[in-house]
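Mapping to the working numbering: the sequence shown position 225 is 225, numbers consecutive. Don't be surprised by glycine CBs; every beta carbon is placed ideally from N, CA and C. The structure presented is a predicted model; accordingly, all values stated were derived computationally and were not measured. Below: one structure, written as C-alpha cells.
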Amino acid sequence: MNAPLQGHTVSNPIAAAQALVSVDKVSLEYRTPQRVVRATHQVSFEIDPADRFVLLGPSGCGKSTLLKAVAGFIQPCEGEIRLQGQTVTAPGPDRIVVFQEFDQLPPWKTVKQNVMFALLASKTLKRQEAEERALYYLEKVGLAAFADAYPHTLSGGMKARVAIARALAMQPKILLMDEPFAALDALTRRKMQEELLLLWEEVRFTLLFVTHSIEEALVVGNRILLLSPHPGRVRAEVHSHQYDLHSLGGVEFQASARRIHRLLFDEGQSPQTGRELDFSDVRIAY
Ligand SMILES: Nc1ncnc2c1ncn2[C@@H]1O[C@H](COP(=O)(O)OP(=O)(O)OP(=O)(O)O)[C@@H](O)[C@H]1O
Ligand SMILES: [Mg+2]
1 MNAPLQGHTV SNPIAAAQAL VSVDKVSLEY RTPQRVVRAT HQVSFEIDPA DRFVLLGPSG
61 CGKSTLLKAV AGFIQPCEGE IRLQGQTVTA PGPDRIVVFQ EFDQLPPWKT VKQNVMFALL
121 ASKTLKRQEA EERALYYLEK VGLAAFADAY PHTLSGGMKA RVAIARALAM QPKILLMDEP
181 FAALDALTRR KMQEELLLLW EEVRFTLLFV THSIEEALVV GNRILLLSPH PGRVRAEVHS
241 HQYDLHSLGG VEFQASARRI HRLLFDEGQS PQTGRELDFS DVRIAY
C-alpha cells in the first residue's frame with residue numbers, strides 16, 4: 001500500500017468518531033477573597049457535530065459557567081475540556097458566544113457593519129468578502145433589508161437575529177448561546193426558536209444552548225443534559241430530537257416535560273428506566 005502524501009492524513013475511523021467537544025469530569029469554581037464557590041462538580045458530556053445540545057437546570061446550577069468554560073473564558077479546577085481532541089485553554093474564533101443581552105451591538109455601526117466587524121477585526125476576511133459574507137448571513141436570518149439600519153431602530157427579536165448572524169458569519173465550530181431569547185416576549189421567543197431551528201436545517205451548525213425552560217430545551221435541543229441544583233452535577237441526559245415547535249402542547253410533549261421536571265427536582269428518588277421515561281434514549285447519572 002502507498003504511504004499517504006506528506007501533509008495528508010490517513011482517513012481514521014476512530015478520529016472520525018471523535019466528539020467535537022468533550023467535557024470530561026469538569027469542576028468549575030469561583031474564588032473570591034472570602035470564599036470559594038463551586039459552580040459545577042465533575043460534569044461530563046460530549047457534543048457531536050451538528051448536535052443541538054442543551055444544558056438545562058435550575059438557576060445557579062452552573063449552566064452559564066459551563067458555557068463560559070467551553071468558550072475558554074474560565075479554566076476548570078478539575079477535569080478537562082477538549083475541542084476536537086485539543087485541550088481548551090483560551091477563547092478562540094472557533095467558539096462564538098451569543099449572550100442574552102442584545103444591546104451588546106455597538107450602536108454607531110449599522111447592522112451590516114456589526115456583522116462584518118469581527119470578520120475584519122480578526123483578519124478572517126478582507127472588506128469585500130466580509131461584506132458578502134455579512135449579507136449572506138443577514139439574508140439567512142431575514143434581515144437583508146435592514147443591512148444599513150442602526151441597532152436602535154430594531155426590535156428585540158431583530159437584534160437577536162443580528163447577534164445570531166454575526167456569530168454564524170464567523171463560521172465557528174460551535175455556536176454557544178446563553179439564554180439568548182430570555183429577554184424577549186413569549187411570542188417573539190417562540191418565533192426565534194422556530195427561526196433558529198429553520199436556520200439549523202439550512203446551515204447545520206453545532207449548537208450548545210443554555211436555558212432553564214424545560215419547554216425551550218425540548219423544542220430547541222436534540223440532546224438535553226439535566227443538571228442538579230447548585231453545584232451542578234449531571235442528573236441525566238435525554239435525547240429529544242422527536243420534538244419541535246409543532247409538538248408544543250401535545251400529550252407526549254407535556255408528559256416528557258413533566259418527566260424532565262421530575263428528573264430535575266425530585267431528590268432522593270430512585271431513577272426511572274428509559275422505557276418509563278418515554279424518551280428515545282436516556283442516560284441517568286445519579
Ligand atoms: N463571578 C462570580 N463570582 C462568584 N460566584 C459566581 C460568579 N458567577 C457565578 N457564580 C456562582 O456560581 C454558581 C453558578 O452560576 P451560573 O451563573 O453559572 O448559574 P446558571 O445556571 O447560569 O444560573 P441562571 O439560570 O440563573 O443563569 C452560582 O452559585 C453563582 O452564584
Ligand atoms: Mg446563567
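Legend entry - Euclidean distance between Cα positions of A163 and P106: So the two alpha carbons sit approximately 11 Å from each other.
Inset, instruction - Could you check what DSSP says for Y137 in three-state terms: helix, strand or coil? - result: helix
Inset, instruction - For the beta strand (DSSP E) containing I74, list its first residue and its last residue. - result: Where I74 is concerned, there is no enclosing beta strand (DSSP E), given that its DSSP letter is neither H nor E.
Legend entry - Residues that DSSP places opposite Q290 in a beta bridge: Nothing about residue 290 can be reported from this structure: the residues present for the chain run from 1 to 286 only.
Inset, instruction - With distances taken Cα to Cα, identify the nearest neighbour of L175 among H41, V37 and D48. - result: D48
Legend entry - Outcome for R166 when other beta-carbon atoms lying within 10 angstroms are tallied against a minimum of 16: buried
Inset, instruction - Return yes when at least one heavy atom of ligand 4 lies under 7 Å from the C-beta of S64, else no. - result: This structure simply doesn't include ligand 4; it includes ligand 1 and ligand 2 instead.
Inset, instruction - Could you pull out every unbroken beta strand (DSSP E) segment of at least 3 residues lying fully inside the segment 208-238, listed in chain order? - result: 223-227
Legend entry - In chain order, each alpha helix (DSSP H) run of at least 4 residues that lies wholly inside the segment 144-208: 156-169 and 186-203
Legend entry - Distance, S228 Cα to F312 Cα: Residue 312 is absent from the model: the chain starts at 1 and stops at 286.
Inset, instruction - Would you decide whether K140 is buried or exposed? Buried here means 16 or more other CB atoms lie within 10 Å of its CB. - result: buried
Inset, instruction - Determine contact between the segment 30-46 and the segment 185-197, defined as no fewer than three beta-carbon pairs at a distance below 8 Å. - result: no
Inset, instruction - Confirm the yes/no value for this check: CB of V37, any heavy atom of ligand 1, distance under 7 Å. - result: Yes - ligand 1 has a heavy atom lying nearer than 7 Å to the Cβ of V37.
Legend entry - Unbroken beta strand (DSSP E) run spanning K123, endpoints: Per DSSP, K123 belongs to no beta strand (DSSP E) and is neither H nor E.
Inset, instruction - Tell me whether D266 sits in a helix, a strand or coil according to DSSP, three-state version. - result: coil
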